[in-house]
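Only one structure is covered here, and it is reproduced in the block below.
2 protein chains.
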Amino acid sequence: MTQSEADKIRHREKMAKRKAVQDAEVASKTVTSKGLLIVHTGAGKGKSTAAFGLALRALGHGWKVGIVQFIKGAWGTGERNVLEKFGEQVVWRTMGEGFTWETQDRARDVAAAERAWGEALKMMADPGIRLIVLDELNIALRYDYLPLGDVIAALKARRADLHIVVTGRNAKPELIEAADLVTEMTLVKHHFAAGVKAQEGIEF
Amino acid sequence: MTQSEADKIRHREKMAKRKAVQDAEVASKTVTSKGLLIVHTGAGKGKSTAAFGLALRALGHGWKVGIVQFIKGAWGTGERNVLEKFGEQVVWRTMGEGFTWETQDRARDVAAAERAWGEALKMMADPGIRLIVLDELNIALRYDYLPLGDVIAALKARRADLHIVVTGRNAKPELIEAADLVTEMTLVKHHFAAGVKAQEGIEF
Numbered sequence: 098m099t100q101s102e103a104d105k106i107r108h109r110e111k112m113a114k115r116k117a118v119q120d121a122e123v124a125s126k127t128v129t130s131k132g133l134l135i136v137h138t139g140a141g142k143g144k145s146t147a148a149f150g151l152a153l154r155a156l157g158h159g160w161k162v163g164i165v166q167f168i169k170g171a172w173g174t175g176e177r178n179v180l181e182k183f184g185e186q187v188v189w190r191t192m193g194e195g196f197t198w199e200t201q202d203r204a205r206d207v208a209a210a211e212r213a214w215g216e217a218l219k220m221m222a223d224p225g226i227r228l229i230v231l232d233e234l235n236i237a238l239r240y241d242y243l244p245l246g247d248v249i250a251a252l253k254a255r256r257a258d259l260h261i262v263v264t265g266r267n268a269k270p271e272l273i274e275a276a277d278l279v280t281e282m283t284l285v286k287h288h289f290a291a292g293v294k295a296q297e298g299i300e301f
Numbered sequence: 098m099t100q101s102e103a104d105k106i107r108h109r110e111k112m113a114k115r116k117a118v119q120d121a122e123v124a125s126k127t128v129t130s131k132g133l134l135i136v137h138t139g140a141g142k143g144k145s146t147a148a149f150g151l152a153l154r155a156l157g158h159g160w161k162v163g164i165v166q167f168i169k170g171a172w173g174t175g176e177r178n179v180l181e182k183f184g185e186q187v188v189w190r191t192m193g194e195g196f197t198w199e200t201q202d203r204a205r206d207v208a209a210a211e212r213a214w215g216e217a218l219k220m221m222a223d224p225g226i227r228l229i230v231l232d233e234l235n236i237a238l239r240y241d242y243l244p245l246g247d248v249i250a251a252l253k254a255r256r257a258d259l260h261i262v263v264t265g266r267n268a269k270p271e272l273i274e275a276a277d278l279v280t281e282m283t284l285v286k287h288h289f290a291a292g293v294k295a296q297e298g299i300e301f
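Protein sequence lines, in the order shown, are assigned to chains G and X. Numbered by our numbering, the letters in the first sequence go through residues 98 to 301 in order. Numbered by our numbering, the letters in the second sequence go through residues 98 to 301 in order.
Now the structure itself:
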């Protein structure tokens, strides 16, 4: 890239940034703040990891954070050790032992999903909690283990100061419609294809 | 969705999972482990947040982690407060004060990028560090502030037990080629468009 090309890119980006700042200023005059419904979906990596990052950032701001894991074991010892440092600032609920979405026992799966959703509702009712991560909720919705309409209604009815992050592949269109911020993580290239196995500290 | 449709989806996913497990087993026989070069790119949210999440998970495993921020201020007080809990387990270097990529002084920008890259090289030479995050390095590469060939060569020559995460939009094709795992974060929907401004704890 030549100097003048670099200057052109910089100029374009500066103009884009200026526009973004103006847009944000306009926005700030109409809405000061709002508890966001954030969705991380797509087949790529990083959906739960980015949610974990958001939870940690919120903890760093002194917020109380709730986490419900709708699939057992998606977060491992690395996450556990970090979250434990924050003591009662974190409320963490995982699905019952043995729940793996492969029981072939639909009634049991539905009951487990309902218990997890019950924990989510309790957190939503706790005025001290400012951010809730519903990890892999999209899977429970995809299998119709929870009534989609009820879940969407509860998410929409969240307190004005409560942010909720929902993760998992195949987010329902109704959830995307209700969300404020949706990011799709797309896999461009994966090392498993090159013969490298999952490793502690990176994959789990 | 009917019961039988749900069963079909579950069966397909079970088969896909079984295949993935088999693939992983094959992979584990050929390569036991490898320090990964991971890239988070795309115009969506979550690139730096997922890198932050990876860093925290690694810290949770007791690893020493290095972080170099190629753009000032991308990580804020939330991240800072969390990382401080890990004391000397984290080596964190940010660009010099006032460095904003808008100086219109290319020589100064290049010098700042080179200093940051020098910090990255020092971390890569520290055998105690197991994971390094090079936050927004892609921006420095995009502006040709650093020699791409040298950077790629150094990343490729990393120790076998060192994982490196590079973030930023517009990852260079040469970097994607060299990487083991590349995720593109794509913006599906953004609340700024709906008149909600950036908020502490979520955006910064």
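The beta-carbon is built from N, C-alpha and C at its ideal position, and this holds for glycine as well. Here the structure is a predicted model, which means the values were calculated and not measured.
Simplified DSSP assignment, three categories, for residue i
i: I168/G; result: coil
i: R205/X; result: helix
i: L133/G; result: coil
i: E281/X; result: strand
i: L182/G; result: One point to set straight first is that residue 182/G is Lys, not Leu, in the sequence displayed. K182/G falls in the coil class under three-state DSSP.
i: K269/G; result: coil
i: K142/X; result: coil
i: R255/G; result: coil
i: G157/G; result: helix
i: E297/X; result: coil
i: L243/X; result: coil
i: A124/G; result: Residue placement at A124/G is flagged as unreliable, the pLDDT there being 48, under the threshold of 50; a coordinate-derived value is accordingly withheld.
i: G175/G; result: helix
i: F196/G; result: Any reading at F196/G must be qualified, since the residue scores a pLDDT of 49, below 50, and its modelled position is unreliable; the value itself is stated next. Coil at F196/G, not helix or strand.
i: W214/X; result: helix
Integer-rounded CB distance, given that residue j should sit under 8 Å from residue i
i: L238/X; j: K269/X; result: 5 Å
i: A217/G; j: I229/G; result: 7 Å
i: E176/G; j: G159/X; result: Not really, about 13 Å apart at Cβ, beyond 8 Å.
i: M282/X; j: G141/X; result: 4 Å
i: L259/X; j: G132/X; result: 4 Å
i: G139/G; j: G150/X; result: 16 Å between Cβ atoms; not a contact.
i: I273/X; j: I135/X; result: The pair is not a contact, with the Cβ atoms about 11 Å apart (cut-off 8 Å).
i: A147/X; j: A147/G; result: 4 Å
i: A204/X; j: M192/X; result: Actually they do not touch by this definition, with Cβ atoms about 15 Å apart.
i: T280/G; j: V285/X; result: 6 Å
i: F167/G; j: L231/G; result: 7 Å
i: V207/G; j: R190/G; result: So it is not a contact: roughly 17 Å between Cβ atoms.
Residues bridged to residue i [DSSP beta-bridge criterion]
i: R190/G; result: V165/G
i: I229/X; result: G163/X and I261/X
i: K219/G; result: According to DSSP, K219/G bridges with nothing at all.
i: K286/G; result: V279/X
Assigned exposure category for residue i - 16 Cβ within 10 Å defines buried
i: K253/X; result: exposed
i: N267/X; result: exposed
i: Q201/G; result: exposed
i: G298/G; result: buried
i: A257/X; result: exposed
i: R154/G; result: buried
i: D277/X; result: buried
i: E181/G; result: exposed
i: E185/X; result: exposed
i: T127/G; result: Only weak support is given to the placement of T127/G: the predicted model assigns it a pLDDT of 48, under 50, and the value that follows is read from those uncertain coordinates. Exposed: under 16 other Cβ atoms inside 10 Å.
i: E271/X; result: exposed
i: G265/X; result: buried
i: E233/G; result: buried
i: A250/X; result: exposed
i: A222/G; result: exposed
i: D247/X; result: exposed
Beta carbon proximity, residue i to chain B, threshold 8 Å
i: A155/G; result: You won't find chain B in this structure, because its protein chains are G and X.
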